[in-house]
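Asks: I'd like to ask you about the structure that follows.
Okay, structure coming up:
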């Protein structure tokens, strides 16, 4: 078990010179003195006391005296009772030495929260407890913003004692706006959900209640397993039939200021709180004196529109026009998609009377999405004071999951079909009529605000809360999700809609280039990568960093990207030879690029992918299905070969699911540096930049503006889309990364289809997923795996398995002496036993060389599935075995008749499920008295009792070692006289075994001797093992490296799993604490020989013991032997 922690020295601790400080200078926790990231290696279940002194020495130096006291936040940890790997001692935790640290748990006692949802310093989540909160660029501000267009003290938000929230400008240079209306020095009402704009930054007030979180469970090894309900993982399949990307509920077609009616099935909510003092209950609308929602308004006396409970009894009011009267409390001057009490968004007349086309992004590929006129704001949040909080949840406030959720996360009313997709938009552009969407009939009663819609592209504050929760939207985007790999880069104002997200899709663009001044560029890159990590599971997305630009120092590059190492997406889950997918020097970058090009070589374009044309790449990318890899190339990779490789990856990587984000440091685009000049500067700084299908260039005097353009032929195409950049700070990224560090997807596994280098050696139990073989895990595997499935070892795409029932029925293993034939045959026996119950699968072992070449298969007799073990040195037993095997084949042939083994079992199971006659009583079965309804007693002969059906036939697998020694036995061999009878019985199995449910797996050291046998001619599965090197070196693979030939002609290399090795000496390891050097995490792990317990049990013995206990638990009696027991 390995856990990464950060230890903080006390404020009065020793100076930084006392030890190695692995933290960047701008990282958080600097107030606590020294901070040191450490790597703890210890067996599971180790107490904190075992490493306490090591943690103190790592941060304060070797001269540590006195009792070591450690805190997790404000909590003092009991070193004897706290266990490593259990919360709070999980991956990414921060411990304070001797003094309590800051409590960073999300607060729940604040009356409101202020989220920085857009701008150059976005992502902040500030708790408002009461009083005046000053916002500005100054460090003295309560909410500091790194925005050059914000004054030192720009505005102030005040939370009154009664809970009302107001805002006033403090004489700022550029002014303050609230939902587009100017805010003066006089305090005005700040309703929940409204957008507060100052400079290039946008803030939103949200309720203080904590959003629901996903269920997590510690695994005892420093991780928290996250359970996502299937209904919440949107995008797991294809979108609903007839659905579109529209985010609306009801019919579109209303003009500006018009609202459509919603019926009782819309899932609306009504206020549940009636106490005064809640924010959002009254006050003045921005830019005017009219009440936004006073005590006597729509919500009732003193009601807070932030606390809702499900209710479908009240209808929705209408606005003036064709749909009815105006909504009470609605301010027509406020964009209604941000109005806390407006049910729908306005429909811009300039965009067509039938509905609005909201362009959430630039004009790049598919990044323009159609939106019907509905109640979603720029982040997809529907009106309502509770909208901002509910925007991060896919469940109703009572915790019940919503029904009818569209693939994009927008709930549809029952009975209403979404028909406002791309087809309707095309008809509008063509001037045709669009059929009206069905309206829900109004019902009498008070208007009910609807449940907020889920935003498609969460703002940075929502991304942070998703990681801290973890929120319901964590890892919601699977490979089939329509918004998979769509990034929000900033916001723009579109007509009457402020802060509309500017997005780009990596799947459509292929690769993305970002260019601008370093400080702002780094913030934009952090925001983009954080979105990917929060919304995509490590199972579906892999992140790689290549930061080898020699124009910047290693300390600067490490400090900028240290937060990235905490993300689980950088762990090598596909056999990469490193500890994290990082590259800070040329050797590491070469290794990372080789791993990526190997995937392309094995991809649909083959080894000729560098010369493939753009159309072929686009076609292959469109057909690609599976997990993705995002590679961050920060600046110049270094050597000419690396520049060429990254450029080719940027152009053709999407064919294998590889997408690059290329960063180039350039001056901001301005009149002195036009866009074309900035683009050429970026291409000169990074060769891969020109191959990107979309580029985003920072512009403006202070680089807070963003221009997103697509490219064609290595040049920008069109003018692109201009908006304000979304950037986050290093401290924000550090906290985000630590929040995700311990999280793991429940049931997650490596994604198939990833080609990686084979390991030098492999352990079979690890490949089986049974590192801790227990009866429970084996019974679960029996229920899921097929009886004829055998895992051979580690392949290029994870564990390599064969199915004897589907691909076989027989397997022939060929290899010279020392190639690992016998060990592979033992692994096949163990793997088969782990896949099937002992009452349904029997193993028969034959040592063809009679045990003359070592132990042979004798060690496998501990498996409960083994019914026979024949060593070919006793001619009497050999003849008896041959006769018994022939008799078993004849019995099966008579029993099965003309049907096959699988079909016979299918028919038998179907017969067992049929309802038959009453089963005979015990007396009837004995042939005793029968009592008919007449009352007359008569005898019923037992011969007329209905006989039970035949017992189920178990599947048999014969494992023969040294088959060539049986075919051509050596002169003088004691088993030579009877070898022919055994070979004839095995030949019958090779000829008829498929229909009879009997399989043959054999090894041969001399293929020339077995070339004319039935097995060699009929085996559709064949393994050829490599000869061992004459003088093996430390980097040579262990015996067992070979190639598997499939029935369709494919050949797969693999490293066979070892099963007779002693268990690793993890129980006797001494816990260690070492400083964590992020720049070395991309190196291959230290090559140390695996130490095994010299007198401990082997993996095979452990597996056999667990199999025995599992068999007893399910009452699975072993298959009886073919030959009678020896006296």
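Residue numbers (this note's numbering): 2 to 1128. All residues carry an ideal CB built from backbone N, CA and C; glycine is no exception.
1. According to DSSP, is residue 169 part of a helix, a strand, or is it coil?
2. So is the beta-carbon of residue 767 under 8 Å away from any non-hydrogen atom of the ligand GTP?
3. Give the secondary structure of residue 882 by DSSP, where H, G and I count as helix, E and B as strand, and everything else as coil.
4. With a cut-off of 8 Å, do at least 3 Cβ pairs link the region 798 to 812 to the region 1009 to 1027?
5. For residue 119, which of 459, 81, 605 and 1046 has the nearest alpha-carbon?
6. Output the distance between the C-alpha atoms of residue 1118 and residue 892, rounded to the nearest integer angstrom.
7. Near residue 763, which residues of its chain fall below 6 Å by C-beta distance, leaving aside the five closest residues on each side in sequence?
8. By alpha-carbon positions, which one of 1086, 1004, 54 and 597 ends up nearest to residue 67?
9. Which ranges does the alpha helix (DSSP H) cover as unbroken runs of at least 4 residues, wholly within the region 670 to 711, from first to last along the chain?
10. Cα separation between residue 1 and residue 469?
11. Output the boundary residues of the beta strand (DSSP E) element that contains residue 1055.
12. Who are the Cβ neighbours of residue 1086 in its own chain at under 7 Å, not counting the five residues just before and after it?
13. Any contact between the region 632 to 646 and the region 483 to 491? By contact I mean 3 or more CB pairs, one from each, below 8 Å.
14. Among 553, 733 and 623, which residue has its Cα nearest to the Cα of residue 461?
15. Look at the alpha carbon of residue 600 and the alpha carbon of residue 608, and state the distance between them as a whole number of angstroms.
16. Would you call the region 517 to 526 and the region 686 to 695 touching, i.e. three or more CB-CB distances under 8 Å?
17. Is residue 91 closer than 9 Å to residue 213 when the C-beta atoms are compared?
18. DSSP state of residue 660, grouped into three classes?
19. Rounded to a whole number of angstroms, what is the C-alpha to C-alpha distance between residue 56 and residue 3?
20. Distance, Cα to Cα, residue 547 vs residue 593?
21. Are the CB atoms of residue 1008 and residue 747 within a distance shorter than 9 Å?
22. Taking a contact to mean a Cβ-Cβ separation below 9 Å, would you say residue 673 touches residue 517 in this structure?
23. Among 99, 720, 731 and 167, which has the Cα closest to the Cα of residue 192?
24. Measure the Cβ-Cβ separation of residue 128 and residue 142 and say whether it is below 9 Å.
25. Taking its Cβ as the centre, do 16 or more other Cβ atoms sit within 10 Å of residue 1075, making it buried, or is it exposed?
26. Which word fits residue 582, buried or exposed, when buried means at least 16 other C-beta atoms lie within 10 angstroms of its C-beta?
27. For residue 997, list the residues DSSP reports as bridge partners.
28. How big is the Cα-Cα spacing for residue 968 and residue 808?
29. Would you check if the distance between the CB atom of residue 1212 and the CB atom of residue 705 is smaller than 9 Å?
30. Just tell me which of 644, 590 and 650 has its CA closest to the CA of residue 613.
31. Quick check: what's the CA-CA separation for residue 1001 versus residue 616?
32. Kindly indicate which three-state DSSP category residue 916 falls into: helix, strand or coil?
33. Would a C-beta distance cut-off of 9 Å place residue 504 and residue 490 closer than the cut-off?
34. State the start and end residues of the unbroken alpha helix (DSSP H) segment that holds residue 468.
35. Determine, using beta carbons only, whether residue 570 and residue 619 come nearer to each other than 9 Å.
36. Could you pull out every residue in the same chain whose Cβ sits closer than 6 Å to the Cβ of residue 101, ignoring the five residues on either side in sequence?
Replies: The structure says:
1. strand
2. Ligands displayed in this structure: none; no statement on the ligand GTP is therefore possible.
3. helix
4. yes
5. 459
6. 21 Å
7. 794, 795, 1056 and 1058
8. 54
9. 676 to 686
10. Given that the chain is displayed from residue 2 to residue 1128, the structure contains no residue 1 and the question cannot be resolved.
11. 1052 to 1059
12. 580
13. no
14. 733
15. 10 Å
16. no
17. no
18. strand
19. 14 Å
20. 8 Å
21. no
22. no
23. 167
24. no
25. exposed
26. buried
27. According to DSSP, residue 997 bridges with nothing at all.
28. 25 Å
29. Here the chain comprises residues numbered 2 to 1128, so residue 1212 is not present and cannot be evaluated.
30. 650
31. 48 Å
32. Reliability of the predicted coordinates at residue 916 is poor, the pLDDT of 45 falling under 50, and no value is obtained from them.
33. yes
34. 461 to 469
35. no
36. 72 and 75
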